[in-house]
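Presented below is the structure to which this report refers.
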Amino acid sequence: MAEAKNVGDKTANKQVVGTGGELLMHQLVAQGVGYAFTNTGSAEAGFFDAFLTVPGVQPILLLNESLVLSAADGYARASRKPAFVNVHLAAGTRQGSGQLYNSYFDGTPMVVTAAMRDNGSFGDHNTLGVSSGFAQMSTVQDVTKKRWEIRDARGIPMATRRAFSEALTMPSGPTYMAFSGEALDEKSVEGVITAGRALDVATTPEQSTLETIHDALLNSEKPLLVVGPDVQNAQAQQEILELAENYAVPVAVGFFDYGSFPRSHPSFQGMIDALPADDYDVVCCVGYRPNTRANPTDERFPSAFRIGIGQDPAMLNGSFAHDVQLWSNVKTAVAALNRLWQPGDANLHHISQRRAALAEQSAVRLAKQRDGAAEHATDAVIHPSFLGSRMADILAKNTTMVSENFNAADHLMPFGFAEEEWRLVRAYGGSLGYGLGGAVGAQLADPDRPCVLSIGDGSVMYSSSGFWTMARYSLPIITVVWNNMQYQTVRTNFARWGGNMAEQNKYPETYLGDPEIDFVMLAKAQGIQGERVDESADVDAALTRAREVQAGGEPYLLDVRITNVGPGADQSWHKAFSLNTV
Numbered sequence: 121m122a123e124a125k126n127v128g129d130k131t132a133n134k135q136v137v138g139t140g141g142e143l144l145m146h147q148l149v150a151q152g153v154g155y156a157f158t159n160t161g162s163a164e165a166g167f168f169d170a171f172l173t174v175p176g177v178q179p180i181l182l183l184n185e186s187l188v189l190s191a192a193d194g195y196a197r198a199s200r201k202p203a204f205v206n207v208h209l210a211a212g213t214r215q216g217s218g219q220l221y222n223s224y225f226d227g228t229p230m231v232v233t234a235a236m237r238d239n240g241s242f243g244d245h246n247t248l249g250v251s252s253g254f255a256q257m258s259t260v261q262d263v264t265k266k267r268w269e270i271r272d273a274r275g276i277p278m279a280t281r282r283a284f285s286e287a288l289t290m291p292s293g294p295t296y297m298a299f300s301g302e303a304l305d306e307k308s309v310e311g312v313i314t315a316g317r318a319l320d321v322a323t324t325p326e327q328s329t330l331e332t333i334h335d336a337l338l339n340s341e342k343p344l345l346v347v348g349p350d351v352q353n354a355q356a357q358q359e360i361l362e363l364a365e366n367y368a369v370p371v372a373v374g375f376f377d378y379g380s381f382p383r384s385h386p387s388f389q390g391m392i393d394a395l396p397a398d399d400y401d402v403v404c405c406v407g408y409r410p411n412t413r414a415n416p417t418d419e420r421f422p423s424a425f426r427i428g429i430g431q432d433p434a435m436l437n438g439s440f441a442h443d444v445q446l447w448s449n450v451k452t453a454v455a456a457l458n459r460l461w462q463p464g465d466a467n468l469h470h471i472s473q474r475r476a477a478l479a480e481q482s483a484v485r486l487a488k489q490r491d492g493a494a495e496h497a498t499d500a501v502i503h504p505s506f507l508g509s510r511m512a513d514i515l516a517k518n519t520t521m522v523s524e525n526f527n528a529a530d531h532l533m534p535f536g537f538a539e540e541e542w543r544l545v546r547a548y549g550g551s552l553g554y555g556l557g558g559a560v561g562a563q564l565a566d567p568d569r570p571c572v573l574s575i576g577d578g579s580v581m582y583s584s585s586g587f588w589t590m591a592r593y594s595l596p597i598i599t600v601v602w603n604n605m606q607y608q609t610v611r612t613n614f615a616r617w618g619g620n621m622a623e624q625n626k627y628p629e630t631y632l633g634d635p636e637i638d639f640v641m642l643a644k645a646q647g648i649q650g651e652r653v654d655e656s657a658d659v660d661a662a663l664t665r666a667r668e669v670q671a672g673g674e675p676y677l678l679d680v681r682i683t684n685v686g687p688g689a690d691q692s693w694h695k696a697f698s699l700n701t702v
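The sequence shown runs contiguously to residue 702 in this note's numbering.
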């Protein structure tokens, strides 16, 4: 068993003696890690044995590696803390790489670990190991910020400290460590435990740069503020509100990023992709992580004076050019910019006029959305807008909603920064299978907040064993399955592409009926109760029951049968085939 003692008076450093796995566990405890997201593997036995000797970390078991990674990601996003992952060897690492892609795309801080097997000293064709001639860390080289392989048990504390520091330091992102099984198993290893932390970054932007940005916003006739997830990552919500209100500037959010600015705010305009491409004289992007399109339209806002403020230089330099770029902690930079504002500037005619216009426009927008949803209250089949509006009204205030929905109704949910408003957790990289794991992590990160998973029927099937984890740990998550028996996003994209598919109204392999999936039964088989909802008149009662079960501390599922929308909504064609008729 590991023994620990303080070194001199430096209580932050602790000398330990134990197995390599115990040293790793001590390092996690020092780091403040509460949960280890994992799918167990025998090669990591030295690590799992340490759960019995070093208290402080709770393992969270998920039944495949993609769920492990998405749960860790949801935890990191909701808690604003780095997450820790352990998966099984090279094969398990690859299994989780689709969700690791999401984490890397969004800059989520996490440390991913696995054991590794020697592939050269003896035989070079080992089960679950990396192929000969390659390093295990090469399997994730394009979806991690930095990677290491650790073969000497004495280096485990230092390497782990470094991995956490690197994951946390701006720009944040996932890191990866592969430990040899022998290092994790080795006994009587001495090590010094020191927590890793984010490197301090200079916090005072150049005054001349701030003044240039201030002058551009102050004198603009048609400005636009584009905000992204790094506003929340930097906990700069109040600073961005102050900036928008000072300059009376319209605000757009990124790709389905409805959590980065309150939708009820007068400045809110919706997704940037739905707005005119070049209708502004000044565009200021703050914490924005663009989803590029791989065509010349990536050169965004060509006629505007373009300002970029962000924590990741790749996001500032990766696509369209900026006339002014400020690589800085978003919270610090926006706070410094706000200090240049003079109260008297609010009386400038063009600003006071724009403020009034935004308020009027906002009232019209919100009324249109509200009335549009209400129009579907008596539809025979439940309309997505009606379901979204009822969720917003009935489910608990202060909810964290994890969304893996695209053509649904996220834009109707009461997301914002106030205590009673909802928070959004979602992945923007687009690799499906995020939702169930993300909800597990988000609920663990903030157990006092109600958690709702809003997910399409197709997305559920990428990660449906996540219900088992919800049940095992009594995570009171409401899962709302928006079930239209379609890959609707793919179908509408096919229709936009055109060709024979649009002409014949036949969209191959987007219909998910025949056989129909029973999501209530799927959840019940894993320990979660639920119900199917078919009619608009039953929506309110079903949501109320779900909220009551949630308040009692248990998960619940609603399989809500919604109507299809968009091109091809009236078809259920698929290229039929049955082996027993061949």
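Every residue gets a Cβ at the ideal spot worked out from N, C-alpha and C, and that includes glycine. Computed from a prediction, not measured in an experiment: that's the story for all the values here.
Does the beta-carbon of K307 have 16 or more other beta-carbons within 10 angstroms, so that it is buried, or is it exposed? K307 comes out exposed.
Out of curiosity, what's the CA-to-CA distance linking G227 and Y400? Taking the straight line from one Cα to the other gives about 29 Å.
CA nearest to the CA of G301, picked from V207, R474, N625, S509: Nearest of V207, R474, N625, S509 to G301, Cα basis: V207.
Beta-carbon spacing of R281, T324 below 8 Å: With contacts defined as CB atoms closer than 8 Å, R281 and T324 fail to qualify as a contacting pair.
Proximal residues to K342 (C-beta, below 8 Å), its chain only, five neighbours per side dropped: Excluding sequence neighbours, K342 sits near D399, Y400, D401, V402.
Quick one: give me the first and last residue of the beta strand (DSSP E) that M230 is part of. Per DSSP, M230 belongs to the beta strand (DSSP E) from 230-236.
K130 versus G316 - alpha carbon distance: Residue confidence is low: K130 scores 43 on pLDDT, short of 50, so the model does not pin down where it sits. Its coordinate-derived value is still stated next. Distance between the alpha carbons of K130 and G316 is about 15 Å.
Are G553 and V545 touching if we call contact CB-CB under 8 Å? It is not a contact, given that the beta carbons lie outside the stated cut-off.
Assign N126 to one of two classes, buried (16 or more other C-beta atoms within 10 Å of its C-beta) or exposed (fewer than that). Only weak support is given to the placement of N126: the predicted model assigns it a pLDDT of 49, under 50, and the value that follows is read from those uncertain coordinates. By the Cβ neighbour-count rule, N126 is exposed, with fewer than 16 other Cβ atoms within 10 Å of its own.
Enumerated in chain order, which unbroken segments of the beta strand (DSSP E) with a length of 3 residues or greater are wholly contained in the region 489-523? Taken in chain order, the region 489-523 contains no complete beta strand (DSSP E) segment of 3 residues or longer.
Residue ranges of each alpha helix (DSSP H) within the region 573-615, 4 or longer: Every alpha helix (DSSP H) of 4 residues or more that sits fully in the region 573-615 is shown, in chain order, as 577-580, 586-592.
If I measure Cβ to Cβ from P370 and keep anything under 6 Å in the same chain, skipping five residues before and after, which residues do I get? Here P370 has L344, S387, Q389 as same chain residues with Cβ atoms under 6 Å from its own Cβ, once five neighbours each way along the sequence are excluded.
If the criterion is Cβ atoms closer than 8 Å, does the pair S585 and L248 meet it? No, they are not a contact pair.
Do you know how far the Cα of R652 is from the Cα of P609? Looking at the sequence shown, residue 609 is not Pro but Thr. The alpha-carbon atoms of T609 and R652 are separated by roughly 23 Å.
Tell me, which residues are paired with A372 by DSSP? According to DSSP, which records beta bridges pairwise, A372 is partnered with V346, G390.
Can you give the Cα-Cα distance for S285 and F171, rounded to whole angstroms? Those two C-alpha atoms are separated by around 23 Å.
Which of helix, strand or coil does DSSP assign to Q261? Residue state for Q261 is assigned as coil, using DSSP reduced to three classes.
T630 and Q606: beta carbons closer than 8 Å? Against a cut-off of 8 Å, the Cβ pair of Q606 and T630 comes out as a contact.
Contacts around R197, its chain only, beta-carbon distance under 6 Å, and the 5 residues preceding and following it disregarded: These residues qualify, in order along the chain: V545.
Is any non-hydrogen atom of the ligand NAP found closer than 7 Å to the C-beta of R413, if you look at the structure I gave you? The ligand NAP is absent from the structure shown, which contains no ligands of any kind.
Contacting residues, own chain, Cβ-Cβ under 7 Å from Y582 (five flanking each side not counted): Excluding residues within five positions, the ones whose Cβ falls inside 7 Å are L552, G553.
Less than 7 Å between C-beta atoms, sequence neighbours within five positions excluded: which residues of the same chain meet that for G240? For G240, the CB contacts under 7 Å within the same chain, skipping 5 residues up- and downstream, are S252 in chain order.
Under 8 Å between C-beta atoms of F381 and M391: M391 is positioned such that its CB atom lies no closer than 8 Å to that of F381.
Tell me which residue opens and which closes the alpha helix (DSSP H) that M297 is part of. Premise fails: M297 lies in the beta strand (DSSP E), 294-300, not in any alpha helix (DSSP H).
Please confirm whether A661 has its beta-carbon closer than 8 Å to some beta-carbon of chain C. The structure shown contains no chain C, having only a single protein chain.
Would you say F526 and Y378 are within 8 Å of each other, going by their C-beta atoms? Taking the C-beta atoms as reference points, Y378 is found no nearer than 8 Å to F526.
Taking only the alpha-carbon atoms, compute the straight-line gap between T683 and S656 and give it to the nearest angstrom. In a straight line, the C-alpha of T683 is about 11 Å away from that of S656.
Have a look at G650 and W588 and give me their C-alpha separation to the nearest angstrom. Rounded to whole angstroms, G650 to W588 spans 14 Å at the Cα level.
As a quick exercise: from N613, A666, V680, pick the residue whose alpha carbon is nearest that of F639. Comparing alpha-carbon positions, the option among N613, A666, V680 lying closest to F639 turns out to be V680.
Just the C-alpha distance for N620 and F421, rounded to the nearest angstrom, thanks. Between the alpha carbons of N620 and F421 lies a gap of roughly 35 Å.
Own chain partners of V702 with C-beta closer than 8 Å, once the 5 adjacent residues on each side are dropped: There are no such residues.
Can you tell me which residues form a DSSP beta bridge with R426? Partner residues in the beta bridge of R426, as assigned by DSSP, are V403.
Quick check: what's the CA-CA separation for D393 versus H245? Rounded to the nearest angstrom, the two C-alpha atoms are 48 Å apart.
Distance between V580 and T295 (C-alpha atoms, nearest Å): Between the C-alpha atoms of T295 and V580 there is a straight-line separation of about 27 Å.
DSSP beta-bridge partners for R652? In DSSP, R652 forms a bridge with D679.
Quick check on G688: buried or exposed, where buried means 16 or more other Cβ atoms within 10 Å of its Cβ? So G688 counts as buried.
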